[in-house]
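There are 2 protein chains.
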Amino acid sequence: MKVVVLFSGGKDSALASILLEPFFDVELATFAFRRHGTAEAAREAAEALGLPHRTITFEDGVLEEAIGLLLATGYPRDGLNRLHREALAVLSGGWEHIADGTKREDRVPMMTPDGVRSLEDSRKVHYIRPLAGYGSKTINALAKRYMEFVTLESGLHPASDFEVGLRRELEERHGQDAVARIFPANHMHTRVIRRMRI
Amino acid sequence: MKVVVLFSGGKDSALASILLEPFFDVELATFAFRRHGTAEAAREAAEALGLPHRTITFEDGVLEEAIGLLLATGYPRDGLNRLHREALAVLSGGWEHIADGTKREDRVPMMTPDGVRSLEDSRKVHYIRPLAGYGSKTINALAKRYMEFVTLESGLHPASDFEVGLRRELEERHGQDAVARIFPANHMHTRVIRRMRI
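Protein chains in written order, with our numbering: chain A, 1256 to 1453; chain B, 1256 to 1453.
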């Protein structure tokens, strides 16, 4: 069975892929924001993992919607969830099994049980969250065992996750003030740089 | 890392064990009800899986409590959850990582997010639910791929799950009428009989 994993290049989506790998043919997919080359970091991480990878570009309309949610709510959550749902919906057009690296303790992005059922029923897809039953401590222990990763400041090092992409899109359209108003300062991300095969 | 999986001999706890196996040293543990030899079916299934297995006996006081909950509520849920929590608490005395085969769509047994945090914090344990992020359809597809299992009527074939054990304890103490009043008729269970190594 094939599965496509929504992949940011960070340790969580990488570990989700590694947990699926013995049981599925795993492909990775990263969503890029137009004009920014935001998927490059994820592409390099996918190469480090040795897994096939593709980049899919978000449509402009979706980004406008997500930014509208940021501005309307003043918080990142709804905009990030909008992108996450969009990415899963797009993936469900091409694969029977789709997955991501969301964890038991994640608050954002996160789908409700009703959202999961609705996605699966409407798109005829199976959605898998390999890390849903793992706490952060176990995830960190496994991640350290199976890969080398670094923690980087997103302002200095480009990242391929939704928050970094959305910050850039917001800055381009509404300026750095809007970013500073809506997002917390000093966003960090992890980046897989090497895989350990045990 | 070692993990002990709460094991009934059925397809869900077996698949949870198989999903953990590439990443952990997996041991299986089945909780037996006194005097009934209820762990025998699970022992045979563990042998079919080729995984180390042990039986732990519930203490009488816990069974009394669970039966008290059945009689007080008139439904199986609270009694079953009581046994599930007890089993996880006992396992957490001997292993750093404990796991079970509860699924995304399970209602019983199921721990709330607060219950999970409380268990992990108070017992210094990491609790893993490998199937928490999988829907039933994907679980059935994987189970059929990795094992041969049968679906049996619990009244005719002994099973090692909590419901069957609790029905027997209730019958012994309060008679078949109490069982018929509280539990639905014709309980079925699955039993692993062979493992397919792919």
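By construction, the Cβ of each residue, glycine as well, lies at the ideal position given by its N, Cα and C atoms.
These figures come from a predicted structure and were not determined experimentally.
Query, Result
"Would DSSP call A/Glu-1314 helix, strand or coil?", "coil"
"Indicate whether the contact test is met: 3 or more Cβ pairs, each with one atom in the region 1411-1422 of chain B and one in the region 1330-1339 of chain B, closer than 8 Å.", "yes"
"With 16 as the cutoff for other CB atoms within 10 Å, does A/Pro-1439 come out buried or exposed?", "exposed"
"So for A/Phe-1417, helix, strand or coil by DSSP?", "helix"
"Can you find at least 3 beta carbon pairs, one from the region 1285-1301 of chain A and one from the region 1380-1390 of chain A, that sit closer than 8 Å?", "no"
"Thinking just about the alpha-carbon of each residue, which of B/Gly-1305, B/Glu-1282, B/Leu-1306, B/Thr-1310 is nearest to the one in B/Glu-1295?", "B/Thr-1310"
"B/Arg-1450 and B/Gly-1305 look like a contact to me (Cβ under 8 Å); what is the Cβ gap, rounded to whole Å?", "6 Å"
"Under 8 Å Cβ to Cβ from B/Ile-1453, same chain only, skipping five residues before and after it: list those, please.", "Arg-1400, Tyr-1401"
"Which residues, taken in chain order from the region 1275-1305 of chain B, show a beta carbon closer than 7 Å to some beta carbon of chain A?", "Pro-1277, Phe-1278"
"Give the secondary structure of A/Thr-1285 by DSSP, where H, G and I count as helix, E and B as strand, and everything else as coil.", "strand"
"Since A/Thr-1312 contacts A/Ser-1415 with CB under 8 Å, what's their CB separation in whole angstroms?", "With 8 Å as the limit, A/Thr-1312 and A/Ser-1415 do not qualify as a contact, their Cβ atoms being about 12 Å apart."
"By alpha-carbon positions, which one of B/Ala-1398, B/Glu-1319, B/Gly-1316, B/Leu-1411 ends up nearest to B/Lys-1358?", "B/Ala-1398"
"With the cut-off set at 9 Å, would you say A/Val-1281 and A/Lys-1266 are in Cβ contact?", "no"
"Identify which residue in A/Ile-1394, A/Ile-1353, A/Ala-1287, A/Asp-1361 has its Cα closest to the Cα of A/Val-1259.", "A/Ile-1353"
"Who are the Cβ neighbours of B/Glu-1408 in its own chain at under 7 Å, not counting the five residues just before and after it?", "Asn-1441, Met-1443"
"If we ignore side chains and look at the alpha-carbon of each, how far apart do B/Asp-1376 and B/Ser-1347 end up?", "11 Å"
"Report the neighbours of A/Lys-1257 on chain B: residues whose CB is nearer than 8 Å to its CB, in chain order.", "Those do not exist, as A/Lys-1257 stays about 12 Å from chain B at its closest Cβ, beyond 8 Å."
"What runs of the beta strand (DSSP E), each 3 residues or longer, lie entirely inside the region 1382-1408 of chain A?", "1402-1408"
"Can a CB atom of chain A be found closer than 9 Å to the CB of B/Glu-1375?", "yes"
"Tell me which residues of the region 1364-1394 of chain A have at least one Cβ-Cβ distance to chain B shorter than 9 Å, keeping chain order.", "Pro-1368, Val-1371, Arg-1372, Glu-1375, His-1381, Tyr-1382, Ile-1383, Arg-1384, Pro-1385, Leu-1386, Ala-1387, Gly-1388, Tyr-1389, Gly-1390, Lys-1392, Thr-1393"
"Consider the Cβ of B/Arg-1400: report whether some Cβ of chain A lies at a distance smaller than 9 Å.", "yes"
"Could you check how far apart the C-beta atoms of A/Glu-1303 and A/Val-1447 are, in whole angstroms? I think they sit under 8 Å.", "Rather than Glu, the amino acid found at residue 1303 of chain A in this sequence is Ala. Between A/Val-1447 and A/Ala-1303 the Cβ distance is about 5 Å, and since that is below 8 Å, they are a contact."
"Rounded to whole angstroms, what is the Cα-Cα separation between B/Val-1380 and B/Ala-1342?", "13 Å"
"Thinking C-alpha only, which one of A/Gly-1334, A/Leu-1411, A/Glu-1320 is nearest A/Thr-1445?", "A/Leu-1411"
"With distances taken Cα to Cα, identify the nearest neighbour of B/Leu-1270 among B/Leu-1425, B/Glu-1427, B/Arg-1384.", "B/Arg-1384"
"Flag A/Ala-1342 as yes if its beta-carbon sits less than 9 Å from any beta-carbon of chain B, otherwise no.", "no"
"Along chain B, in chain order, which residues have C-beta atoms closer than 7 Å to that of A/Leu-1397?", "Phe-1278"
"Just grab the DSSP bridge partners of B/His-1444 for me.", "B/Leu-1407"
"Of the residues A/Thr-1285, A/Pro-1307, A/Leu-1326, which one's Cα is nearest the Cα of A/Val-1434?", "A/Leu-1326"
"If B/Arg-1378 and B/Ala-1344 are in contact, beta carbons under 8 Å, what's the gap, nearest whole angstrom?", "6 Å"
"Using three-state DSSP, classify A/Asp-1432 as helix, strand or coil.", "helix"
"Where do the ends of the beta strand (DSSP E) carrying A/Ile-1453 lie?", "A/Ile-1453 -> no beta strand (DSSP E), and no H or E assigned at all."
"For the region 1328-1339 of chain A, list every residue whose C-beta sits within 7 Å of some C-beta in chain B, in sequence order.", "none"
"With a 10 Å radius around its C-beta and 16 neighbouring C-beta atoms as the bar for buried, classify A/Pro-1364 as buried or exposed.", "buried"
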